[in-house]
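Step one of this worksheet: look at the structure below.
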RNA sequence: UCCCCGAUAGCUCAAUUGGUAGAGCGAGCGGCUGUUAACCGCUAGGUCGUAGGUUCGAGUCCUACUCGGGGAGCCA
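Spelled out as structure tokens, the structure:
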């Protein structure tokens with residue numbers, strides 16, 4: 218008999234004999250017709266489980282089937298038929314139920330059939346994927362990633378694998394994880410007493426990357442339109458529902474382009490992915506709307522249907538000043554916007570995603586392109602209601618003299634950026650790009666409140682189990 | 001890292017002014033039913049986060065630590 222995935226079985230015409238394989242979600246027994254059991258079986262291929270009807274005349278009915286519990290792994294042969302009961306259109310009349318893996322102690326099975334808190338399930342992350350919510354998150358996350366790759370592929374963007382290990386302190390942004398093979402208990406010292414990093418694995422200090430951007434710019438200035446999609450690492454001691462120590466980031470980079478092109482690309486990407494998600498994972502999205510966040514679908518529809526609002530940092534500050542709101546942190550031109558400020562703009566004032574552009578140079582990275590006013594840079598953040606910043610990007614400074622001025626101004630080690638500066642010396646062009654935090658976007662799309670629940674095995678301060 | 005809150009049964013929580021622990025769900029057994037958040041009955045299950053302290057007596061009060069949650073900072 219053909220092994221059919223449950224997603225396909227639920228869509229198939231009744232009448233076929235098939236085999237399904239999966240895990241028991243629930244078992245319900247009936248004494249009618251000489252005894253029969255209803256097994257709800259899921260295999261993760263879709264949101265819904267399939268109902269298996271196991272009758273009392275099966276050889277292992279009394280000995281095995283009636284003792285099945287949530288989590289047991291089974292293979293079922295049977296005929297796909299129209300369901301006699303309510304709640305499902307088709308079901309399987311079993312001709313054989315083979316138990317592949319028992320749950321050895323149902324009393325302590327961590328993912329038993331009852332309501333569990335997300336905090337608890339995080340402690341059993343190896344089993345939480347069998348629940349409705351985490352199965353749905355996993356499928357949605359996959360669909361988002363696939364949609365992102367498809368979006369770029371259709372527009373002739375090339376996928377570039379930038380390194381995970383880096384020796385440059387990249388943008389000086391954030392604490393980095395050190396990568397070293399030195400013996401911490403017996404560090405090699407130079408004559409002056411300093412640690413001798415020349416004897417470390419790479420012959421110099423090295424770290425896990427905080428961004429693939431600098432590297433991908435090199436490919437951008439050769440392949441025109443490129444993107445990275447990989448893990449990034451921040452050693453910041455952040456303990457929030459929006460931060461991870463290890464997370465995934467999508468970073469497109471486009472040549473012969475300015476900030477407006479960049480903003481348009483960001484908007485197009487988000488719209489495309491949201492659209493793919495609603496059409497491709499309607500089952501999971503219906504669940505998120507019902508049980509997690511009653512506004513998710515409305516929010517995604519708004520992303521797709523409405524053009525994003527664009528506003529300069531200067532105008533955004535003006536909006537905050539005339540809001541009449543009593544913010545905890547004062548609003549002033551030149552300071553970074555606080556969470557409460559972003560919240561006001563996206564959730565109260567405009568009630569939609571916002572592209573804020575042209576930030577003061579002093580609060581942005583050295584590689585961002587200086588505007589003609591000499592005070593602001595061609596930066597942009599995409600702020601989403603409920604999440605905050607999901608995209609941060611900029612037009613890059615393509616003029617070597619301006620770039621050098623910024624590097625000097627910020628006291629960065631110019632030698633380390635020699636190859637990055639070379640890109641400005643040999644056929645430089647205006648170019649731009651941004652970083653999209655995958656997990657924050659998955660949060661936005663699902664309504665999941667904690668970022669640790671949208672990545673398979675979260676890494677955060679003091680959290681690296683599994 | 002800072003502020004606030006929390007930790008009691010497998011899970012979610014309750015326990016009056018300090019007097020040595022209860023419920024629901026889950027689990028097991030039985031009953032009923034083409035069932036589907038099933039329903040009814042019975043049963044088992046706890047070194048009250050860890051270590052100290054106050055007290056005749058601590059789940060309850062005090063201190064430290066660990067872990068978790070919410071908010072903030074940093075950012076994606």
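Residue numbers (my numbering): 218 to 683.
All residues carry an ideal CB built from backbone N, CA and C; glycine is no exception.
Given the structure is predicted, the values throughout are model-derived calculations rather than measurements.
Cβ distance (whole Å) where residue i is taken to contact residue j below 8 Å
i, j, result
"residue 442", "residue 368", "Wrong, their Cβ atoms sit about 12 Å apart, outside the cutoff."
"residue 587", "residue 614", "6 Å"
"residue 399", "residue 417", "5 Å"
"residue 622", "residue 475", "About 20 Å separates the two Cβ atoms, so there is no contact after all."
"residue 264", "residue 493", "Wrong, their Cβ atoms sit about 17 Å apart, outside the cutoff."
"residue 629", "residue 674", "Not a contact, Cβ separation roughly 35 Å."
"residue 267", "residue 227", "6 Å"
"residue 235", "residue 219", "6 Å"
"residue 574", "residue 515", "That belief does not hold up - the Cβ atoms of residue 574 and residue 515 are roughly 27 Å apart, past 8 Å."
Residue j beta carbon less than 8 Å from that of residue i
i, j, result
"residue 513", "residue 664", "yes"
"residue 269", "residue 293", "yes"
"residue 446", "residue 467", "yes"
"residue 262", "residue 229", "no"
"residue 561", "residue 537", "yes"
"residue 200", "residue 287", "Outside the shown range of the chain (218 to 683) lies residue 200, about which nothing can therefore be said."
"residue 676", "residue 339", "no"
"residue 240", "residue 221", "no"
"residue 349", "residue 504", "yes"
"residue 273", "residue 295", "no"
"residue 656", "residue 464", "yes"
"residue 314", "residue 483", "no"
Straight-line gap, residue i to residue j (C-alpha atoms, nearest Å)
i, j, result
"residue 337", "residue 352", "16 Å"
"residue 546", "residue 553", "10 Å"
"residue 608", "residue 570", "11 Å"
"residue 671", "residue 659", "7 Å"
"residue 606", "residue 448", "18 Å"
"residue 406", "residue 394", "21 Å"
"residue 556", "residue 450", "22 Å"
"residue 643", "residue 611", "21 Å"
"residue 359", "residue 366", "11 Å"
"residue 620", "residue 631", "10 Å"
"residue 318", "residue 280", "15 Å"
"residue 519", "residue 481", "16 Å"
"residue 404", "residue 396", "14 Å"
"residue 646", "residue 581", "21 Å"
"residue 302", "residue 278", "21 Å"
"residue 419", "residue 383", "10 Å"
"residue 169", "residue 526", "This structure does not reach residue 169, given that the chain is present from 218 up to 683, and the question cannot be answered."
"residue 363", "residue 233", "32 Å"
"residue 439", "residue 376", "13 Å"
"residue 590", "residue 532", "15 Å"
"residue 335", "residue 626", "46 Å"
"residue 433", "residue 477", "20 Å"
"residue 506", "residue 247", "33 Å"
"residue 437", "residue 380", "15 Å"
"residue 524", "residue 559", "19 Å"
"residue 327", "residue 509", "21 Å"
"residue 289", "residue 332", "19 Å"
Cβ-based neighbour list, residue i, same chain, cut-off 6 Å, excluding 5 preceding and 5 following
i, result
"residue 422", "414"
"residue 245", "255"
"residue 652", "466, 468 and 609"
"residue 298", "231 and 310"
"residue 412", "404"
Own chain partners of residue i with C-beta closer than 8 Å, once the 5 adjacent residues on each side are dropped
i, result
"residue 678", "454, 455, 456 and 462"
"residue 566", "536 and 540"
"residue 549", "534"
"residue 385", "431, 633 and 634"
"residue 564", "602 and 603"
"residue 683", "342, 343 and 674"
"residue 355", "261, 346 and 673"
"residue 372", "442"
Residues of its chain near residue i, where Cβ-Cβ distance is below 7 Å and the 5 sequence neighbours each way are ignored
i, result
"residue 357", "494, 498, 501, 659, 662 and 663"
"residue 578", "587, 592, 593 and 594"
"residue 487", "520"
"residue 271", "253, 254, 256, 278, 282, 311 and 314"
"residue 238", "220, 260 and 292"
"residue 435", "640"
"residue 402", "none"
Near the ligand HEM: residue i beta-carbon under 7 Å from a heavy atom
i, result
"residue 444", "The model on display carries no ligand, and the ligand HEM is accordingly not part of it."
With contact counted as at least three CB pairs below 8 Å, one residue from each stretch, are the region 309-316 and the region 631-645 in contact?
-> no
Between the region 342-357 and the region 426-441, do at least 3 Cβ pairs fall closer than 8 Å?
-> no
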